[in-house]
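K.L.:
Position one of the sequence shown corresponds to residue 20 (the working numbering), numbered consecutively onward.
Quick reminder that beta carbons are idealized off the backbone N, C-alpha and C, glycines included.
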Amino acid sequence: MGLCYSLRPSLDEPGDNDQAVDTSIPLRSKDLVHEDTEAYNDLSPCRRCLCHRRGPGKGKPFAGDAGRGDTTDGVPIQNGGGGGADRSQRQQLLQKTLSKQTNKDKKLSEEVKKQAKKVSKQIDLTLKEQQREYEQTHRLLLLGAGESGKSTIVKQMRILHVNGFNAEEKKQKVLDIRKNVKDAIVTVVSAMSTLIPPVPIGNPANESRIDYIKSIAPLSDFDYTEEFFEHAKQLWDDEGVKACFERSNEYQLIDCAQYFLNKIESVRSNDYTPTDQDLLRCRVLTSGIFETRFQVDKVNFHMFDVGGQRDERRKWIQCFNDVTAIIFVAASSSYNMVIREDNSTNRLRESLDLFKSIWNNRFLRTISVILFLNKQDMLADKILAGKSKLEDYFPEYVRYTVPAEETKHRCCCFTVKDFQTDPQDVFKAVPDPGEDPKVTRAKFFIRDEFLRISTASGDGKHYCYPHFTCAVDTENIRRVFNDCRDIIQRMHLRQYELL
20 MGLCYSLRPS LDEPGDNDQA VDTSIPLRSK DLVHEDTEAY NDLSPCRRCL
70 CHRRGPGKGK PFAGDAGRGD TTDGVPIQNG GGGGADRSQR QQLLQKTLSK
120 QTNKDKKLSE EVKKQAKKVS KQIDLTLKEQ QREYEQTHRL LLLGAGESGK
170 STIVKQMRIL HVNGFNAEEK KQKVLDIRKN VKDAIVTVVS AMSTLIPPVP
220 IGNPANESRI DYIKSIAPLS DFDYTEEFFE HAKQLWDDEG VKACFERSNE
270 YQLIDCAQYF LNKIESVRSN DYTPTDQDLL RCRVLTSGIF ETRFQVDKVN
320 FHMFDVGGQR DERRKWIQCF NDVTAIIFVA ASSSYNMVIR EDNSTNRLRE
370 SLDLFKSIWN NRFLRTISVI LFLNKQDMLA DKILAGKSKL EDYFPEYVRY
420 TVPAEETKHR CCCFTVKDFQ TDPQDVFKAV PDPGEDPKVT RAKFFIRDEF
470 LRISTASGDG KHYCYPHFTC AVDTENIRRV FNDCRDIIQR MHLRQYELL
């Protein structure tokens, strides 16, 4: 605590520990008149002494009095508050603290940077590996009109190159197969009265069965009872129903109708387990884009299946980027059928128009097309039956003859060596052993209709490689895909400018 001046015996002689007093300040009592007498009287003797020394008008506390010890003429008189030395110490301590924090922040920043570089390097390595894997993958885009067999090709890839279908997947397909049975019998019996001329029932006793089938037609959540299967079986054995089925090209009927209606006894069983052939034949509408991944001899393939109906085709452009090859699937047997979308456009002509739009698409001008002329088994049945003549739907077929040079190669058996000279040479083919000449002529006519489109541009930037296929025949698809692998590999090398 500082000493008060009022306690010293002499105001003229400063003490040993006192500050020097400014003697220029008058000390006469007549000068000790304060502006505020009442406030002056309230002051302590110590502060009154200060007022005397400051003179009149200087008795008020100045700004330095508040909160930090009293001062006289700038010299601190401590009353318990912090002094200049304390402030200096606090500033030094603050500087040391800030310096330590700065050094700590620098070390932390260096550690963060080091960790960030490590993470960045790992990301670069991962991206590089993903890019390498991406460039080594063959991406195949399956295109074609509705019900041409694209999804069946994908199922075959699973059977041949993945692990097929497990027990749980087969169990889940039972409901779809039973729905195929229901859709088939409902469609056939409903068409009997709408066809021109209509088809009469073979056994009048089955009229009540037809009424039952028609009554359950609109039911989506349907319980497949024994009653249903019994009515369906009896109707399928009816002569009138079979006659209506023979005219199925005049209405919309799923391709698997006959196959599953012939297997009603198996499908109705409670312990029914579908075979691979049942799964291949099962018809489910494809909506959207489905990817199937598989590996053949350590080569990765990604196959994209896209819905073929008109309203699904707008989604195709999403799959065009970095495609190795397009597999275009056309149903050769559909020459006497119309599409579901308008019930008037010929299905095979729709497929030809679609192929033309893909072939001339500016985004696909450098991507070659593997053409699967599918459903050769059904085409042969129709040609040999003679009920639906190809020339009735394609008048130009009357003047068509199989080119004489179609003797060098088989259409579905060729290698990369064939493409190194003239890719079009692989179009040469000979009939299958024991094949009826009428069937050979019909299938080559359909093939040449597609090739006429692909050769019209003549730009040499992409090629069309045709194959005759039967999507439900596993061995046929195995052989065809093995033949295609060399072509796909060559396309892939050309895509990344390695060839």
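Determine the direct distance from the alpha carbon of residue 152 to that of residue 435, and round the result to whole angstroms.
P.N.:
What you label residue 435 is simply residue 416 of the sequence shown in a count that begins at 1. What you label residue 152 is simply residue 133 of the sequence shown in a count that begins at 1. Only weak support is given to the placement of residue 435: the predicted model assigns it a pLDDT of 38, under 50, and the value that follows is read from those uncertain coordinates. Going by the C-alpha atoms only, they are around 24 Å apart.
K.L.:
Compare the Cα-Cα distances from residue 168 to each of 305, 483 and 369 and report the closest residue.
P.N.:
Taking the sequence shown and counting its residues from 1, one reaches residue 168 at position 149. The shortest Cα separation from residue 168 among 305, 483 and 369 belongs to 305.
K.L.:
Could you tell me if residue 134 is buried or exposed, where buried requires 16 or more neighbouring beta carbons within 10 angstroms of its beta carbon?
P.N.:
Mapped onto the sequence shown, residue 134 falls at position 115. Looking at its Cβ environment, which holds fewer than 16 other Cβ atoms inside 10 Å, residue 134 is exposed.
K.L.:
Identify every residue that forms a DSSP beta bridge with residue 485.
P.N.:
Within the sequence shown, the letter at position 466 stands for residue 485. According to DSSP, residue 485 bridges with 390.
K.L.:
To the nearest angstrom, how far is it from the Cα of residue 341 to the Cα of residue 128?
P.N.:
The residue given as residue 341 occupies position 322 in the sequence shown. The residue given as residue 128 occupies position 109 in the sequence shown. So the alpha carbons of these two residues sit roughly 42 Å apart.
K.L.:
For the stretch 483 to 490 against the stretch 383 to 399, are there 3 or more C-beta pairs whose distance is under 8 Å?
P.N.:
yes
K.L.:
Let's see if you can read the secondary structure: which residues bound the beta strand (DSSP E) around residue 211?
P.N.:
Locating residue 211 in the sequence shown gives position 192, where the first residue counts as 1. That residue, residue 211, is in no beta strand (DSSP E); it is neither H nor E in DSSP.
K.L.:
So, using beta-carbon positions, are residue 394 and residue 489 closer together than 8 Å?
P.N.:
Along the sequence shown, one-based indexing puts residue 394 at 375. Along the sequence shown, one-based indexing puts residue 489 at 470. Taking C-beta atoms as the reference points, residue 394 and residue 489 count as a pair closer than 8 Å.
K.L.:
Give me whichever residues DSSP pairs with residue 308 in a beta bridge.
P.N.:
Within the sequence shown, residue 308 is the residue found at index 289, counting from 1. In DSSP, residue 308 forms a bridge with 325.
K.L.:
Using a threshold of 7 Å, is the CB atom of residue 164 nearer than that to any non-hydrogen atom of the ligand FAD?
P.N.:
Looking at this structure, you won't find the ligand FAD or any other ligand, since it has none at all.
K.L.:
Tell me which same chain residues have a C-beta within less than 6 Å of the C-beta of residue 172, skipping the five on either side of it?
P.N.:
Translated into the one-based positions of the sequence shown, residue 172 becomes position 153. Excluding sequence neighbours, residue 172 sits near 490.
K.L.:
Contact defined as beta carbons within less than 8 Å: I believe residue 412 pairs with residue 362. What is the distance between those atoms, to the nearest angstrom?
P.N.:
Start at 1 with the first residue of the sequence shown, and residue 412 comes out as number 393. Start at 1 with the first residue of the sequence shown, and residue 362 comes out as number 343. About 15 Å; that fails the 8 Å criterion.
K.L.:
Could you check whether residue 378 and residue 283 sit closer than 8 Å to each other, using their CB atoms as the reference points?
P.N.:
Here residue 283 corresponds to residue number 264 of the sequence shown, with the count starting at 1. Here residue 378 corresponds to residue number 359 of the sequence shown, with the count starting at 1. For residue 283 and residue 378, no; Cβs fall outside 8 Å.
K.L.:
In the DSSP assignment, find the unbroken alpha helix (DSSP H) run with residue 279 in it and report its ends.
P.N.:
As a working mapping, residue 279 is identified with position 260 in the sequence shown. First-last of the alpha helix (DSSP H) with residue 279: 276 to 280.
K.L.:
Exposed or buried, what is residue 106 when buried is set at 16 or more other beta-carbons lying within 10 Å of its beta-carbon?
P.N.:
Indexing the sequence shown from 1 puts residue 106 at position 87. Exposed, since its Cβ has fewer than 16 Cβ neighbours within 10 Å.
K.L.:
Going along the chain, which residues of its own chain have a beta-carbon closer than 7 Å to the beta-carbon of residue 258, five neighbours each way excluded?
P.N.:
The residue labelled residue 258 in the question sits at position 239 within the sequence shown. Excluding sequence neighbours, residue 258 sits near 221.
K.L.:
State the Cα-Cα distance for the pair residue 506 and residue 414, rounded to the nearest angstrom.
P.N.:
As a position in the sequence shown, residue 506 is number 487, starting the count at 1. As a position in the sequence shown, residue 414 is number 395, starting the count at 1. Roughly 34 Å between the two C-alpha positions.
K.L.:
Beta-carbon within less than 8 Å of residue 189's beta-carbon, same chain only, minus the 5 sequence neighbours each way: which residues are those?
P.N.:
Counting from 1 along the sequence shown, the entry for residue 189 is found at position 170. The residues 292, 293 and 298, in chain order, have a CB closer than 8 Å to that of residue 189 in the same chain once the five nearest residues on each side in sequence are set aside.
K.L.:
Between which two residues does the beta strand (DSSP E) carrying residue 158 extend?
P.N.:
Here residue 158 is taken as the residue at index 139 of the sequence shown, counted from 1. Note, residue 158: beta strand (DSSP E), 157 to 162.
K.L.:
Any chance the stretch 338 to 352 sits against the stretch 154 to 166, with 3 or more Cβ pairs inside 8 Å?
P.N.:
Result yes; three or more Cβ-Cβ pairs closer than 8 Å.
K.L.:
Since residue 506 is in the alpha helix (DSSP H), which residue starts that stretch and which ends it?
P.N.:
Here residue 506 corresponds to residue number 487 of the sequence shown, with the count starting at 1. Per DSSP, residue 506 belongs to the alpha helix (DSSP H) from 493 to 514.
K.L.:
Straight-line CA distance for residue 456 to residue 256?
P.N.:
Position 437 of the sequence shown holds residue 456. Position 237 of the sequence shown holds residue 256. The alpha-carbon atoms of residue 456 and residue 256 are separated by roughly 34 Å.
K.L.:
What residue from 376, 203 and 217 has the CA that sits closest to residue 279's CA?
P.N.:
As a working mapping, residue 279 is identified with position 260 in the sequence shown. Measuring from the Cα of residue 279, the nearest candidate turns out to be 203.
K.L.:
Taking a contact to mean a Cβ-Cβ separation below 8 Å, would you say residue 166 touches residue 350 in this structure?
P.N.:
Counting from one through the sequence shown, the residue named residue 166 turns up at place 147. Counting from one through the sequence shown, the residue named residue 350 turns up at place 331. Cβ atoms of residue 166 and residue 350: closer than 8 Å.
K.L.:
Does the count of Cβ pairs from the stretch 304 to 321 and the stretch 119 to 128 closer than 8 Å reach three?
P.N.:
no
K.L.:
Classify residue 401 as buried or exposed, calling it buried when 16 or more other Cβ atoms lie within 10 Å of its own Cβ.
P.N.:
Mapped onto the sequence shown, residue 401 falls at position 382. The residue in question, residue 401, is buried, as its Cβ has 16 or more Cβ neighbours within 10 Å.
K.L.:
Figure out for me which residue from 237, 360 and 368 has the closest Cα to the Cα of residue 352.
P.N.:
Position 333 of the sequence shown holds residue 352. The shortest Cα separation from residue 352 among 237, 360 and 368 belongs to 368.
K.L.:
Looking only at its own chain, which residues have a Cβ that is under 7 Å from the Cβ of residue 273, when we skip the five neighbours before and after it?
P.N.:
By one-based count along the sequence shown, residue 273 stands at place 254. Contacts found: 199, 202, 203 and 302.
K.L.:
Could you spell out the range, first to last residue, of the beta strand (DSSP E) harbouring residue 347?
P.N.:
Along the sequence shown, one-based indexing puts residue 347 at 328. That run of the beta strand (DSSP E) goes 344 to 350.
K.L.:
Please state whether the Cβ-Cβ distance between residue 338 and residue 308 is less than 8 Å.
P.N.:
To locate residue 338, count along the sequence shown from 1; it is residue 319. To locate residue 308, count along the sequence shown from 1; it is residue 289. Contact flag set, yes.
K.L.:
Just to confirm the assignment, what range does the alpha helix (DSSP H) spanning residue 404 have?
P.N.:
Working through the sequence shown from its first residue, we reach residue 404 at position 385. 395 to 404 is the span of the alpha helix (DSSP H), which, as asked, contains residue 404.
K.L.:
Our contact map puts residue 218 next to residue 262 with C-beta atoms below 8 Å; I'd like the distance itself, whole angstroms only.
P.N.:
Taking the first residue of the sequence shown as position 1, residue 218 is located at position 199. Taking the first residue of the sequence shown as position 1, residue 262 is located at position 243. The pair is a contact, with the Cβ atoms about 5 Å apart (cut-off 8 Å).
K.L.:
Once DSSP output is grouped into helix, strand and coil, what is the label at residue 108?
P.N.:
As a working note, residue 108 is residue 89 in the sequence shown. The answer is helix: DSSP assigns residue 108 an H, G or I state.
K.L.:
Whose C-alpha, out of 492, 146, 164 and 154, is nearest the C-alpha of residue 331?
P.N.:
One-based indexing of the sequence shown puts residue 331 at position 312. Ranked by Cα distance from residue 331, the first of 492, 146, 164 and 154 is 164.
K.L.:
Going by beta-carbon coordinates alone, are residue 197 and residue 243 separated by less than 8 Å?
P.N.:
On the sequence shown, residue 197 is found 178 positions in, with the first residue counted as 1. On the sequence shown, residue 243 is found 224 positions in, with the first residue counted as 1. Yes. Within cutoff.
K.L.:
Between which two residues does the alpha helix (DSSP H) holding residue 231 run?
P.N.:
The residue you call residue 231 lines up with position 212 of the sequence shown. Start and end: 226 to 235.
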